[in-house]
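Protein chains in written order, with this note's numbering: chain A, 660 to 1197; chain B, 660 to 1197.
Just so it is clear, CB atoms sit at the ideal spot from N, CA and C, and this is done for glycine as well.
Computed from a predicted structure; not experimentally measured.
Single-structure report; data block below.
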């Protein structure tokens, strides 16, 4: 039989150190861009391992990070799990209340915090029950001025005096490695715990040509925050294949992103649609070179068709549409045309790119209707997407009831309503709770939003379900107009724009113009806030 | 925590069926080329599952195959392990005695045999102790005439009447899936048992861009026999990514290989150096198109420099040098230049290609000298290559003593002597037992062979160690001349060709001209036979 070899993060980092020690990690630091090699990084990860021991961190302890995308965060990504502790990335866009909740619920013992987000921690420190030590990260060895209580350290000072002699322990592959909380639209955030095994297997799948096709020759910029689902696993996968990596640091704006991608000839970026909406006009202005970009991975929420089309046809950059969630590590789907689709015309290819794509190797999926029957793969029938696989959550951390609601019969119920076409391309048509069931017919709010957003004067649109006496539910649209359209475009214009494109019952009963669609902490449309707003106005 | 999801072959086949049901498998059958889709194949695999049950196959039973590379063999590759039984691929080039030994030692219960190798089975049938049933595979439903005893069936007849309704069982990932015996140069062959987990993880690594970079758009031809280490895992990996596959069928000659690669626009071939030596002149003659070939994976033994160079410079086809063995599933190393080596000149790139390459993701390696100390990665120090990983054998089947000799302290001792350069490229310099230690200095027989083979009139060369009173061991060369060189080139010519290229002590004491280098059943030089020959002649 085969060796009983455990899949752990050690496998990943040691390959980068042994084979790709000259390849580089670039990190936009507080004063200037920082650059080092995987060889250098490995030395610092080992030092950090000893620092963790000095701080009293034991196997199974949870270590919080409240930090941007930078090289120190990357070091923690490896050192914490490799010592047997658990990396808990904290979403720094959570409300103070939610942030305190996840730190207490996760029982974080030490928190590593970037210097410019220390105030977030100061604001909630009195409510924290388990945090014993805080390490502030900046580009100097001084502990910056702060109002934190208790033991506070400087990251660089700790590393400076640490030894790099360490033998990381051999861990079982099912040892917890990292955890992340979902940004729940209702109730408290729910924790998902990733294991060494799940991270390694997820990496293998990400790397596959059919998924993100990660090469050693790539230079990868994870723009997706490192506090979102392990930055989609990219820091691990890129390290494994020895790709260069560029981290955009604290509060990067679109201009900074474009500058970094130009300076370091980034080949692959990864982020939510909002980011690529922001960088589009910067690239269009022509100030920064972008011909070296082979693709932009776009996930977190659906990328609108006009964005995909603009990138493809105007800038010549393919958007690689992807789908996943905190519970799925996250990669589940990635959209690429199959080899025999290369002759399709441009519009058809964009149709494919607007879908979330094909199931990546290693997972199982199905979609079921209200009665639990599997839907046909015909691109029309809608059902809830169910998933199974080695990097799919089997439970929520310390939440047996919420686990039971979501993981049933061995399948994760995603809450996303999809169609699947004959080729296997999955399209998210709605969140289960956002789907509108009007007079027995399902209406996709996402489809309606996409149609409204094709209007030349519409910047953003969100559609929600509102109660209706006769039809039970009816769609209502919220629309943000651009400067040109403001005070000019009317409800009638929007409805006339929609009418030819959908069946009659899909046309919203009401269109309301607002200044901005409220967003969740991860940049998704917050339909919950819209619903509350609507209810208040009634 | 994550789901406790098991890595099994079901994951692989179901993806091909669901997403790539239109993609094709082509198989050179007895009368003509056979072509079907993954959709069709899946139906037949399900039927075969039911056939196995009818034949009384139970979980854990060993099912032998004595077959060429064809679509029926591919169906067995999936159906047998997916029912929980164990696929035992039998090397049809073994001696009758060895073949009987491995069937008895493996305790095969049923054997699937291609019609044109039935005589091999007839010859040994009286010595077989466990075989209950035999299924003959051909393109007809009739059982061909034969002298086999006991229950004999026709594959196509069994499939025709079988139902395709089946639910393959959920298996633990550590369930044995397949087994293969090494072609030992001394003693009896040793069995290695692969698990579902090891095959799936090995596939993930093969697929990686840094390894073989398998794409859905590829058309793959596994020329390496399916009775060699699962055809290097390629049938599984290609199915997983939905690549087209071409199987060359019974006794393919170089001309047939070139014809098939042209007809079906094969992008990636895989086989031992001997094959690509054979196809080279056919392509050079220009009868078949080859511009669609993106690479030829070459493993099993070291590819000579002139072969790599000819392919690269004359035909424009990169040879992807790879390394592995039965005990390693087999992929361990694959040679590709790193991105920052693109500017190297052609000769330096060929130097890299002649090395066996970089460790693929997922494994660990080191090389140790006689005293057990790790060698320096300087491209000069030599040591034995040791391996660890989830697709490395942890034992030999029912051979505790042989296991102890080879797997020590958790490492597989490969018996291959290597250098590792600063970039991590491994070069096999010799088999441990073929390395010549002359007066305390190590001489690489492989290096000497490669040097001799650069002589324009030398077709093949093998160097062995012969006993020496003073120096303990000395090199002796066996040389095969081409027609032009025959009766013209002398021992002196060969020695003068070697002398300027090596240190004095490396120059062989004797050169013997022979008509052909004896080969093992897998096409490697048989130094054992040479040694025996030499001893007899003394």
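- Residue 674 of chain A counts as buried, since no fewer than 16 other beta carbons sit within 10 angstroms of its beta carbon.
- Take the alpha-carbon of residue 753 of chain A and the one of residue 889 of chain A: they are about 16 Å apart.
- Following the DSSP letters along the chain, one finds residue 747 of chain B inside the beta strand (DSSP E) bounded by residues 745-748.
- With its beta carbon less than 8 Å from one in chain A, residue 1050 of chain B belongs to the interface.
- The continuous beta strand (DSSP E) containing residue 1070 of chain A extends over residues 1070-1079.
- Chain order gives the chain A residues near residue 1021 of chain B as 670, where near means a beta carbon separation below 7 Å.
- Within the model, the alpha-carbon separation for residue 726 of chain B versus residue 1077 of chain B is close to 34 Å.
- With its beta carbon at least 8 Å from every one in chain B, residue 1114 of chain A lies outside the interface.
- Chain B places a beta carbon closer than 8 Å to that of residue 857 of chain A, counting this residue as a contact.
- The stretch 728-746 of chain B makes contact with the stretch 697-714 of chain B: 3 or more CB pairs, one atom from each, lie closer than 8 Å.
- Judged by DSSP secondary structure, residue 859 of chain A falls within the alpha helix (DSSP H) whose first and last residues are 855-866.
- DSSP places residue 1106 of chain A inside the alpha helix (DSSP H), whose first and last residues are 1104-1112.
- Judged by beta-carbon spacing, residue 1085 of chain B lies beyond the 8 Å limit of residue 904 of chain B, meaning their Cβ atoms are not closer than that value.
- Here residue 1164 of chain B carries a helix assignment [DSSP, helix/strand/coil].
- Put simply, the CB of residue 938 of chain B is far from chain A, with every gap to its CB atoms at 8 Å or more.
- A distance below 7 Å between beta-carbons, with the five flanking residues on each side excluded, links residue 1186 of chain B to the following residues of its chain, in chain order: 1093, 1121, 1123.
- Distance from the Cα of residue 1071 of chain B is smallest, within the candidate group B:1024, B:1037, B:1108, B:1042, for B:1024.
- When Cβ-Cβ separations below 8 Å define contact, residue 736 of chain B makes no contact with chain A.
- In the displayed model, residue 953 of chain B falls within coil according to three-state DSSP, outside both helix and strand.
- Flagged as an interface residue toward chain A: residue 876 of chain B, by a C-beta distance shorter than 8 Å.
- Contact with chain A is found for residue 998 of chain B, since one of that chain's Cβ atoms lies less than 8 Å from the residue's Cβ.
- Annotation: residue 902 of chain A to residue 997 of chain B spans about 10 Å, alpha carbon to alpha carbon.
- Taking a C-beta cut-off of 9 Å against chain A, none of the residues of the stretch 944-976 of chain B qualify.
- When the Cα atoms are used, residue 1018 of chain B and residue 991 of chain B turn out to be separated by approximately 6 Å.
- By the neighbour-count criterion, in which 16 or more other beta carbons inside 10 Å mark a residue as buried, residue 764 of chain A falls on the buried side.
- The beta carbon of residue 1033 of chain A sits closer than 8 Å to those of 1025, 1026, 1027, 1042, all from its chain and outside the five residues before and after it, given in chain order.
- Burial is judged here by how many other beta carbons sit within 10 angstroms of a residue's own beta carbon; residue 1131 of chain B has fewer than 16 and is exposed.
- Taking a contact to require three or more Cβ pairs closer than 8 Å, the stretch 946-955 of chain A and the stretch 971-980 of chain A qualify as touching.
- In this structure residue 982 of chain B is in contact with residue 1015 of chain B, their Cβ atoms being roughly 4 Å apart against a cut-off of 8 Å.
- Within chain B, no residue has its CB atom less than 8 Å from the CB of residue 871 of chain A, the nearest being about 10 Å off.
- Of all residues in the stretch 1118-1138 of chain A, none places a beta-carbon less than 7 Å from a beta-carbon of chain B.
- Annotation: the stretch 955-1039 of chain A contains the following complete segments of the alpha helix (DSSP H) (minimum length 4 residues), in chain order: 964-969, 1005-1013.
- Chain B places no beta carbon closer than 8 Å to that of residue 827 of chain A, leaving this residue out of the contacts.
- Here residue 1000 of chain A is exposed, its C-beta having fewer than 16 other C-beta atoms within 10 Å.
- In the DSSP secondary-structure assignment, residue 906 of chain B is bridged to B:686.
- For residue 685 of chain A, no Cβ of chain B is located within less than 8 Å of the residue's own Cβ.
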